[in-house]
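Top line first, the protein sequences correspond to chains R and G.
Residues in the first sequence are numbered consecutively from 1, following this note's numbering.
Residues in the second sequence are numbered consecutively from 1001, following this note's numbering.
Where is the CB? At the ideal position from N, CA and C, for every residue including glycine.
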Amino acid sequence: MAGAGLTSAFTPAFAKAIGSADKIRLGIIGTGSRGAGLATLIREMPDYDLVACCDIIPENLQKGLSLAAKNAKGYTDYRKLLDDKSIDAVVIATPLYLHYPMAVAALQAGKHIYLEKSMTYDIPQAIDLVKKVKVSGLVFQIGYQYRYYGLYHRVKEIMKENWLGKITHFECQYNRNSNWRFPVKDPKMERAINWRMYREYCGGPLSELCAHEIDVVNYLTDSRPVKVVGLGGINYWKDGRDTYDNIRTVYDYPNGVKASVTSVLSNAYNGYSIRILGDKATVEILRDKALIYPETTNNAKGVVDGVTGATIAVTTQGTGVEVKFGKPGEAQLEPTVFALKDFAECVRNKKEPVSNVETGRDGSIAIHMGNAAADTEKVQYWKPEYSA
Amino acid sequence: MQETYRIAGQAQGTTYAITWYADRELVNKTQIDSIFKSLDASLSIYQSGSLINRFNASQKSIEMDGHLARVVEKSMEIFCQTGGLSDITVYPLVRAWGFGAKPTDTMPDSATVREILACVGSDKLQVRDRRLLKTIPCVQIDVNGIAQGYSVDVVAGFLEARGISNYMVEVGGEIRTKGLKLPDNEPMKIGIETPSVTGFDAPVIREVISIGDGAVTTSGSYRKFRESGGIRLSHIIDPKTGFPVQREIISATVVAPDAITADGFDNALLAAGINGAFEILNRRPDMQAYFIYRQPDGTVADTASAGFGRYVVAKADR
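Laid out in structure tokens, this is it:
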């Protein structure tokens, strides 16, 4: 981690100091479904004043402003929002192809940035953004909220404590049984609203859904993939989209650990799920809980006729045991709230976020490698220059 | 011709296994499961409407059935012999600490514990013929610490009544054996497991014993506990302090003539600590015990009462 860098080596070029009691003056660029969702959470947080919103679609902008402070300003041109010197930080929640130009412009304007995942549209942008963020001295966080969620902290902890034994595989899926479209009133707006269907704007299910899981595997293994194979297609939703409606990839991590990452848009059984396979147990991570399934190893049998020991609850045999996390009585919050709280903390104390430009780069490059593997039907390798 | 017969299943929230050696089947699973049903209807805090739950909900008293009467009688006896360390009226504390029928997320503070302690103490129970009475309405009992051992005895008694005299009955790690394995006339071997790190690790054998005609049970908090601020809270609550037991003993294995005795004492021995446990054992020559405990430097060691050695099967004979 380059965590120490921010405080010492770089002096923010523009950003003004924000006291611990001060509210952070925030603007949101992109108040579509995700941006408005973030605004809803931000509204309840004492850390922020949401003072500006920007969106090219009038309904979205209106929705954003309805969640913002009184007198908040509305923009259709994000550069105008960035020109407002009173704004400390911006959330960028726009289609993927806009992430890089908007993030670069926001850095130039001296804004701290919370950029939604995934980080960039392509690999060169990811590499370049790392350089630009590093020289800026600004706080730059990627919206991988699960890095801030107690559930994943606990899973990482029990992996370290060897509850699962030797871990050899991850099985990740992010499935849904829907066309993944938003309704479009004016046909001219199809590509602006349903940008997820088009490669011109994003990487499809891998960049918009599985991105979280790839980042989670990177986080849990403290590594990044070495290579990847994949197959994808448009075999179910033949509705004019050109991003995959199904993709299955296998990432190879250091020491032969493999992670399959799948998205299927025609089946929703256990829609979001990450299974971690160890030789002692399996952990299955679902949306807001995780279960452990111990392996039944009868190493006691044969030697003796019976075993005396503390009672094994029958629920621990063959069925899952829920992984407890968090403190007793602690409120269960939306994981994004923890991510946004930490962003505020980083802005105030000039800390490097846990989900930062380098972990963001690793995620984005892995996504592009996975799509490239499916597109070319050839193994894609992590190149040394990606992380030089 | 002597055959080996086995019945295995689930009961009392855990598994059971019965093995016997005879020339005929003599017992079937339906019979065993109906025994467990009758035990649950009487003794289970997890079953709504059970006799024990009706007593807990009652203001004054209830009429006991045979199961509850036997378990209460034995519990009162052990309450006296352990200086109150084993106490079935601990249930309100067990619930407050989140180990009752309904798990909780909260932890009681010391004021709450003090308040609950007013309802705890087997001196607040009275038995008049078949009636079990409480002196104050808030008294509630939990016989989980002894019921499993008692169940083993009930099943063993059933086998014996059917003419079976070579058997092993095991319910959730509590065991009773009688006779030998036929036709080879071999003694039955029982593994004592090493406490696992996690709540669900498969058992690993640390010692092997053979106890002839008798029972062996093990108590330990390594499978059932809660974590709070990095500290493991044992499911065994000290009825005197009202707080979870924090002792050096990780597991206590007790050999006794019957399983209700072994099971009735094992929690108390664990709560008494090594020295206290040996004091209790000195007064009970019919009981032997083996302890796995944590030494002050953090390493794990074991120790046993003087008479325990005769049960241990030498490594060469395992």
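Residues of its chain near residue i, where Cβ-Cβ distance is below 7 Å and the 5 sequence neighbours each way are ignored
i: A52 (chain R); result: G27, A72, K73, Y75, L81, D84, I87
i: V130 (chain R); result: V357, E358, R361
i: L209 (chain R); result: Y174, S263
i: T1004 (chain G); result: T1019, Y1021
i: V133 (chain R); result: L107, F140, V357
Interface flag, residue i vs chain G, CB-CB below 8 Å
i: A310 (chain R); result: yes
i: G306 (chain R); result: yes
i: V303 (chain R); result: yes
i: K132 (chain R); result: no
i: I18 (chain R); result: no
Simplified DSSP state of residue i, which is helix, strand or coil
i: S1110 (chain G); result: helix
i: N1028 (chain G); result: coil
i: E295 (chain R); result: coil
i: K70 (chain R); result: coil
i: I158 (chain R); result: helix
i: G278 (chain R); result: strand
i: F140 (chain R); result: strand
i: C346 (chain R); result: helix
i: K301 (chain R); result: Only weak support is given to the placement of K301 (chain R): the predicted model assigns it a pLDDT of 49, under 50, and the question is left unresolved by the model.
i: G320 (chain R); result: coil
i: P1244 (chain G); result: strand
i: V337 (chain R); result: helix
i: S1042 (chain G); result: helix
i: K1037 (chain G); result: helix
i: T221 (chain R); result: helix
Any C-beta of chain R under 8 Å from that of residue i
i: G1220 (chain G); result: yes
i: I1205 (chain G); result: yes
i: G1191 (chain G); result: yes
i: M942 (chain G); result: Any property of residue 942 (chain G) remains undetermined from this structure, which presents chain G solely from 1001 to 1318.
i: V1071 (chain G); result: no
i: R1318 (chain G); result: yes
i: E1174 (chain G); result: yes
i: T1004 (chain G); result: no
i: T1217 (chain G); result: yes
i: M1188 (chain G); result: yes
i: S1251 (chain G); result: yes
i: V1090 (chain G); result: no
i: Q1148 (chain G); result: yes
i: T946 (chain G); result: In this structure chain G extends from 1001 to 1318, so residue 946 (chain G) is not present and cannot be described.
i: V1208 (chain G); result: yes
i: T1019 (chain G); result: yes
i: T1014 (chain G); result: yes
Cβ neighbours of residue i in the same chain (closer than 6 Å, five flanking residues each side left out)
i: L6 (chain R); result: Because L6 (chain R) sits at a pLDDT of 44, beneath the cut-off of 50, its placement in the model cannot be relied upon, and the point is left open.
i: D279 (chain R); result: G165, K166
i: V1171 (chain G); result: Y1016, Q1148, S1151, V1152
i: Y386 (chain R); result: I365
Residue span of the alpha helix (DSSP H) that contains residue i, given as start and end
i: M119 (chain R); result: Premise fails: M119 (chain R) is in no alpha helix (DSSP H) and is neither H nor E.
i: M102 (chain R); result: 99–108
i: M1076 (chain G); result: 1066–1081
i: I1274 (chain G); result: 1259–1282
i: L38 (chain R); result: 33–43
i: M460 (chain R); result: Only positions 1 to 388 of chain R appear in this structure, which leaves residue 460 (chain R) out of reach.
i: M369 (chain R); result: 357–376
i: R1054 (chain G); result: 1051–1057
Enclosing beta strand (DSSP E) for residue i [first to last residue]
i: T1004 (chain G); result: 1003–1011
i: S1061 (chain G); result: 1061–1063
i: S1305 (chain G); result: Element bounds for S1305 (chain G): n/a, residue is neither H nor E.
i: R1095 (chain G); result: Unbroken run through R1095 (chain G) is the alpha helix (DSSP H), 1091–1096; no beta strand (DSSP E).
i: F1099 (chain G); result: No beta strand (DSSP E) holds F1099 (chain G); DSSP gives it neither H nor E.
i: F1291 (chain G); result: 1288–1294
Residue i CB to nearest heavy atom of the ligand HEM below 7 Å
i: Q380 (chain R); result: Looking for the ligand HEM in the displayed structure turns up nothing, as the structure carries no ligands at all.
Beta-carbon proximity list for residue i, same chain, < 8 Å, skipping 5 on both sides
i: R1206 (chain G); result: G1191, I1192, E1193, T1194, I1292, D1302
*Answer yes if the segment 125–145 of chain R comes into contact with the segment 104–113 of chain R, meaning at least three C-beta pairs across the two stretches below 8 Å, and no otherwise.*
The segment 104–113 of chain R and the segment 125–145 of chain R touch, with no fewer than 3 CB-CB distances between them shorter than 8 Å.
*asked:* I want to know whether the segment 1234–1248 of chain G touches the segment 1155–1167 of chain G - three or more CB-CB distances under 8 Å.
replied: Taking 8 Å as the limit for Cβ pairs, the verdict is that the segment 1155–1167 of chain G does not touch the segment 1234–1248 of chain G.
*Is there contact between the segment 197–207 of chain R and the segment 364–373 of chain R, where contact requires at least three CB pairs shorter than 8 Å?*
By the Cβ rule, the segment 197–207 of chain R counts as touching the segment 364–373 of chain R, because three or more pairs are nearer than 8 Å.
*Cβ contact (3+ pairs, closer than 8 Å) linking the segment 1176–1189 of chain G and the segment 1287–1302 of chain G*: The segment 1176–1189 of chain G vs the segment 1287–1302 of chain G: no contact.
_Contact the segment 249–267 of chain R vs the segment 212–229 of chain R: 3+ CB pairs below 8 Å_ = Result yes; three or more Cβ-Cβ pairs closer than 8 Å.
*Per the contact definition of three or more C-beta pairs closer than 8 Å, is the segment 1251–1269 of chain G in contact with the segment 1066–1085 of chain G?*
With the rule of 3 Cβ pairs closer than 8 Å, the segment 1066–1085 of chain G counts as touching the segment 1251–1269 of chain G.
*Spell out a yes or no on whether the segment 373–381 of chain R and the segment 152–165 of chain R are touching, meaning 3 or more CB-CB pairs, one atom from each, closer than 8 Å.*
Segments in contact, no.
_Is it the case that the segment 1094–1107 of chain G contacts the segment 1027–1035 of chain G, given that we only count it when at least three CB pairs across the two stretches are under 8 Å?_
Flag = no, the segment 1027–1035 of chain G and the segment 1094–1107 of chain G do not touch.
_Whether or not the segment 1045–1065 of chain G and the segment 1127–1144 of chain G are in contact is what I'm after, with contact meaning three or more pairs of Cβ atoms, one per stretch, closer than 8 Å; do they touch?_
Yes, they touch.
*asked:* If contact is defined by three or more beta carbon pairs under 8 Å, each pair taking one atom from either stretch, is the segment 170–178 of chain R in contact with the segment 269–288 of chain R?
replied: Touching, yes.
*Report yes or no: do three or more beta-carbon pairs, one from the segment 51–66 of chain R and one from the segment 114–125 of chain R, lie closer than 8 Å?*
These segments do not touch.
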